[in-house]
Amino acid sequence: MPESKQPLKAVILAAGKESDSADVRSILLKDLGGRKVIDYVVQNALQVVRPEDLFIVIGCEADEMRAHLGPDYSYVCQEEQLGTGHAVLQLKPLLQDFHGDLLILYGDTPLFRPDSIRGLLNRHTLRQAQLTLLTAVVDRPYPYGRVLRDAGGRIIDIIEAADASESIRAIRELNIGAYVVRADVIFPALEKLSPAAGQGGYRLTDCVHQLVHSGLLVESYQTYDPDEVQGINSDEDLAQAARILQKRLFRPRRPEAETEVAFGTGGWRAVIGEGFTMHNVRRLSQALANEITRRGEEKRGVLIGYDRRFLSDRAAETAAEVFAGNDISVILLSEDAPTPLVTYATAKVGAAYGLVFTASHNPPEWNGLKVFRSDGSLLLDDETRQITAETNRLTAAQVVKLDLDLALEAGIVQRRDMTNDYVDAVERLIDMEAIRRAGLRVIVDPMYGVGQLTLGIILTEARCRVTFIHERRNPLFGGRSPAPDLEALRLLINELQEGRYDLGLATDGDADRIAIIDEKGRYISTNDLLCLVYWYLHEVKGQRGGVVRNLATTHMLDRMAARFGEKSYETPVGFKHIAAAMVEHDALLGGESSGGLTVRGHILGKDGIFACALVVEMLARTGKRISEIQEEVWNIAGRLYSREENLPATPEMRVDIPRRIKETPITAVGPYPVVRVTHYDGTKVLLENDNWALLRFSGTEPVLRLMVEADSPAKAEELIEWLKRFCVQ
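According to this note's numbering, the stretch in the sequence shown is residues 8 to 736, in order.
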């Protein structure tokens, strides 16, 4: 909260307004976004005062309000609802000796942002004002008081809408109902008030005129969010407030600017120096340490790795200090390492948690953390919710740590190299002898990430003639995101064609994703790659089992599974769901269209290193080129063509599109009849012949992802255009 020389107390006016108190009191206890209306106002007050310094003015029969809010606050009875000024005056006997500031909030204005309350207090303190009020400049004709200023911009009065002339009502600056005022100023002013003409009550805003003309300083703080102006005095207002809360929930914002930690589908990620700070690393590590301690698993310890991003190594050491401070043993990897190595090593040593500091394929200004369970799978949603909630409650004073040099000397933190263990594990699953006999020439782009060492060892030991590009450490990743998409791999394609290599391989920044280029220099989509690998495992290696894919991945896998007499399973986006389904169904292959895959018997996570080695083995064992295997797969499964496009997602779209889908179900996409619609992760519309269309809002970016799969490129384009028209209508 803002620093102030004056002590601060807060009051919430919850007894009702001048003319409709009974209705207002009932509305304050109505549901709004899963909570009561009054809860939002109390939360705003508690960010700046302690519970014992919060006073709530209620009607004398407001037992339901007391029961809901609980005993932590002081309740003040207003026997007669004689206006807002009269309500505040009821505090005078309790604050006779209080000479600090009083924050006044209305119970029916729950939509103020916390920053607006802090800004109001900060302006009041810095300007050394006697009264500061919250204002907004809006276009809509709200029934709020107009703020009058003189030529110099100083506030000279507030005219209530009921008293305003037509020219005054044209003023766009409104008093929206939050004040900070000196207690020893407001109570004498309130005692001098007369009932407002025709209103039957004493209005708080009438004090402004009195204070201004007494020569006291009246200031204002302006909010620029028009949604904050919305008060709640009717069911229609309540419905509008609910829509505003939905918009805020989905509002595009930079999560890196938040002080809170938030997990997405692949861990916690934030911009370095903003959300990704050592303070947040320590708090998150402490929350994980607390959970380990509650479970009594200190001796199992944690394993910590890191990639080549800026500050990843420092963050790993910082986390190690926190775990050591909590008497939890730590294996700290001695060099940067791929995420799949950390996944493997966590399961191998049976650590309570595995941590790897990485932001995967995000742009270079980002960093983050992936957390694995003891079996190497990512934490599930309920686990991340519990960990993030505890992290964000922790303060710096609640973090326990031990300096790294002391922890290393004591042995509670040990540096260890597990590269050979991981390489051996991959090589046990790969037919190294077949690769040695094939004499393949391979070119690899690790995109300045951590894939070079482990993959280089594997391919070299398999006697491949391997060339690397972009293999050195560069925390800026060449000035772009280390994501192995077509545009990023132009140099790899050129080098492959000029050097006549048999295969091009690429991994993303932390080496859990893969991309491949065939011998002709053609980019092979991940959807096609998954089909190639499934065919190879099932038909050449003779392994049996179904396939798991997320809902945004090709249905050609379903066709192949049916042809093989196996089953296909669909999951939400997020590899943790794929890993869980693989275990549940003993599936052979799990993958997603964004570039990740794993197979039964390996780790419960994406592994770009293993996937690269497996593709090389596929060429060696079959003696065929990628293009030849591709034709064989198409002969089995036919062809489906994918299209994907991202639209900027406004908050209004996030509210409006689900509402329209709910109110008017989709029965056809253009001329194509709908077979079925699912809503468990976005909205997926299934058409005939394994064609489909998906609308899904990203959980980490302000975009709406549109994805389709169809019998022909023209039909795929037709489906994507229909989705775009549907979304922007």
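Cβ atoms here follow ideal geometry from the backbone N, Cα and C, with glycine treated the same way. These numbers were taken from a predicted model, which means no experiment stands behind them.
Query raised in the report: Is the Cβ-Cβ distance between R556 and L544 less than 8 Å?
Result: Taking the first residue of the sequence shown as position 1, residue 556 is located at position 549. Taking the first residue of the sequence shown as position 1, residue 544 is located at position 537. Taking 8 Å as the Cβ cut-off, R556 and L544 do not qualify as a contacting pair.
**Report entry** Rounded straight-line distance, which links the Cα of L245 to that of R130
**Finding:** Start at 1 with the first residue of the sequence shown, and residue 130 comes out as number 123. Start at 1 with the first residue of the sequence shown, and residue 245 comes out as number 238. Spanning the two alpha carbons is a distance of roughly 30 Å.
Requested in this report: Leaving aside the five residues before and after S123 along the sequence, list all residues of the same chain whose C-beta is less than 8 Å from its C-beta, in chain order.
Outcome: Position 116 of the sequence shown, counting from 1, holds the residue named residue 123. The answer, listed in chain order, is L141, A185, Y228, T230, D232, E235.
Query raised in the report: Which runs of the beta strand (DSSP E) fall wholly inside the region 565-635 and span at least 3 residues, in chain order?
Result: 575-578, 596-599, 603-606
Requested in this report: Quickly, what does DSSP pair V710 with across the bridge? List them, please.
Outcome: Sequence index remark: in the sequence shown, residue 710 carries index 703 (1-based). Partner(s): P655.
Report task. Pick out the complete alpha helix (DSSP H) segments inside the region 284-308, 4 residues or longer, and give them in chain order. Result -> As far as the region 284-308 is concerned, its whole alpha helix (DSSP H) runs of at least 4 residues are 285-302.
Report task. Take A269 as the anchor and find which of S221, S341, V288 has the nearest alpha-carbon. Result -> Looking up residue 269 in the sequence shown gives position 262. Checking every option, the nearest Cα to that of A269 belongs to V288.
Query raised in the report: When burial is assigned at 16 or more other CB atoms within 10 Å of the CB, is M285 buried or exposed?
Result: In the sequence shown, counting from the first residue as 1, residue 285 sits at position 278. Counting of Cβ neighbours within 10 angstroms places M285 among the exposed residues, the total staying below 16.
Report task. Ignore the nearest five residues each way along the sequence and tell me which others in Q459's own chain have a CB closer than 7 Å to its CB. Result -> Locating residue 459 in the sequence shown gives position 452, counting from the first residue. Here the set comprises P453, F475, E478.
Requested in this report: For L483, count neighbouring Cβ atoms within 10 angstroms of its own Cβ and tell me buried if that reaches 16, exposed if not.
Outcome: To locate residue 483, count along the sequence shown from 1; it is residue 476. By the neighbour-count rule (16 or more Cβ atoms within 10 Å), L483 is not buried but exposed.
Report task. Could you work out which residue in G689, G92, P14 is closest to H106 when comparing CA atoms only? Result -> Start at 1 with the first residue of the sequence shown, and residue 106 comes out as number 99. Nearest of G689, G92, P14 to H106, Cα basis: P14.
Report task. Starting from the Cα of V451, find the closest Cα among G463, R443, R444 and give me that residue. Result -> Position 444 of the sequence shown holds residue 451. Of the candidates G463, R443, R444, the one whose C-alpha sits nearest the C-alpha of V451 is G463.
Requested in this report: Please work out which residues of its chain come closer than 6 Å, Cβ to Cβ, to L496, disregarding the five sequence neighbours upstream and downstream, and give them in chain order.
Outcome: One-based indexing of the sequence shown puts residue 496 at position 489. The beta carbon of L496 sits closer than 6 Å to the beta carbons of A513 from its chain, once the five residues preceding and following it are set aside; these are given in chain order.
Report task. Could you check the C-alpha separation between S5 and V215 for me, to the nearest Å? Result -> Because the chain here runs from 8 to 736, residue 5 falls outside it and cannot be looked at.
**Report entry** Same chain only: Cβ atoms within 6 Å of W275, ignoring 5 sequence neighbours per side
**Finding:** As a position in the sequence shown, residue 275 is number 268, starting the count at 1. These residues qualify, in order along the chain: V268, G375, L376.
Query raised in the report: Would a C-beta distance cut-off of 8 Å place G92 and D213 closer than the cut-off?
Result: As a position in the sequence shown, residue 92 is number 85, starting the count at 1. As a position in the sequence shown, residue 213 is number 206, starting the count at 1. Contact: yes.
Report task. Kindly list the residues whose CB is nearer than 7 Å to the CB of Y391, restricted to its own chain and excluding five residues on each side of it in sequence; keep chain order. Result -> Numbered from its first residue, the sequence shown carries residue 391 at position 384. It is worth fixing the name first, because residue 391 is Thr in this sequence and not Tyr. For T391, where only same-chain residues beyond five positions count, the Cβ hits under 7 Å are F270.
Report task. Count the other C-beta atoms from every protein chain shown that fall within 10 angstroms of the C-beta of Q137, then say buried if there are 16 or more, exposed otherwise. Result -> For this step, residue 137 is matched to residue 130 along the sequence shown. Residue environment analysis places Q137 among the buried positions, since at least 16 neighbouring C-beta atoms fall within 10 angstroms of its C-beta.
**Report entry** Start-to-end residues for the alpha helix (DSSP H) that takes in L118
**Finding:** As a working note, residue 118 is residue 111 in the sequence shown. Where L118 is concerned, there is no enclosing alpha helix (DSSP H), given that its DSSP letter is neither H nor E.
Report task. Could you work out which residue in A168, D320, I394, N297 is closest to E405 when comparing CA atoms only? Result -> Here residue 405 is taken as the residue at index 398 of the sequence shown, counted from 1. The sequence shown places Gln at residue 405, not Glu. Ranking the options by Cα distance to Q405, first place goes to N297.
Requested in this report: Decide if the region 567-579 is in contact with the region 716-727; the criterion is three or more beta carbon pairs, one per stretch, under 8 Å apart.
Outcome: no
Report task. Output the distance between the C-alpha atoms of I299 and A359, rounded to the nearest integer angstrom. Result -> Position 292 of the sequence shown, counted from the first residue, corresponds to residue 299. Position 352 of the sequence shown, counted from the first residue, corresponds to residue 359. About 7 Å.
Query raised in the report: DSSP on L140, reduced to helix/strand/coil?
Result: Reading the sequence shown from its first residue, position 133 is the one you call residue 140. L140: strand per DSSP, three-state reduction.
Query - Alpha carbon of G552 to alpha carbon of K691, nearest angstrom - result: Taking the first residue of the sequence shown as 1, we reach residue 552 at position 545. Taking the first residue of the sequence shown as 1, we reach residue 691 at position 684. For G552 and K691, the distance between alpha carbons rounds to 26 Å.
Query raised in the report: Quick one, which of S705, Y687, V682 has its alpha-carbon nearest P655's?
Result: Translated into the one-based positions of the sequence shown, residue 655 becomes position 648. Comparing Cα positions, the closest option is S705.
Query raised in the report: If you draw a straight line from the C-alpha of I616 to the C-alpha of A417, how long is it?
Result: Indexing the sequence shown from 1 puts residue 616 at position 609. Indexing the sequence shown from 1 puts residue 417 at position 410. About 35 Å.
Requested in this report: Alpha carbon to alpha carbon, how far is E173 from G205? Give it in angstroms, no decimals.
Outcome: As a working note, residue 205 is residue 198 in the sequence shown. As a working note, residue 173 is residue 166 in the sequence shown. Only weak support exists for where G205 lies, its pLDDT of 41 falling under 50; the value from the coordinates is given anyway. In a straight line, the C-alpha of G205 is about 19 Å away from that of E173.
Query raised in the report: Taking the continuous alpha helix (DSSP H) assigned at Y82, which residues delimit it?
Result: Taking the sequence shown and counting its residues from 1, the one referred to as residue 82 is at position 75. Note, Y82: premise wrong, no alpha helix (DSSP H); beta strand (DSSP E) at 81-84.
Report task. Sort S601, G612, G602 by Cα distance to M589 and report the nearest one. Result -> The residue labelled residue 589 in the question sits at position 582 within the sequence shown. Of the listed residues, the one whose Cα sits closest to M589 is G612.
Report task. Could you say if the region 301-312 and the region 328-345 meet the contact criterion of at least three C-beta pairs nearer than 8 Å? Result -> Touching, yes, given that three or more Cβ pairs across the two stretches are closer than 8 Å.
Query raised in the report: Would you report the Cα separation of A326 and S292, rounded to the nearest angstrom?
Result: Taking the first residue of the sequence shown as position 1, residue 326 is located at position 319. Taking the first residue of the sequence shown as position 1, residue 292 is located at position 285. Cα-Cα distance, rounded: 6 Å.
**Report entry** Any beta strand (DSSP E) of 3 or more consecutive residues that is wholly inside the region 415-454
**Finding:** 420-423, 448-452
**Report entry** DSSP three-state assignment for R250, whether helix, strand or coil
**Finding:** The residue given as residue 250 occupies position 243 in the sequence shown. The answer is helix: DSSP assigns R250 an H, G or I state.
**Report entry** Secondary structure of G516, DSSP reduced to three states
**Finding:** Counting from one through the sequence shown, the residue named residue 516 turns up at place 509. Residue state, collapsed to three classes: coil.
Requested in this report: Within the same chain, show all residues whose beta-carbon is closer than 7 Å to that of I727, passing over the 5 residues directly before and after it, in chain order.
Outcome: For the purposes of this step, residue 727 is identified with residue 720 of the sequence shown, where counting begins at 1. Within the same chain, I727 has close Cβ partners R650, E652, L713, V715.
**Report entry** Environment of E670 [buried if 16+ CB atoms lie within 10 Å]
**Finding:** As a working note, residue 670 is residue 663 in the sequence shown. Classification for E670: exposed.
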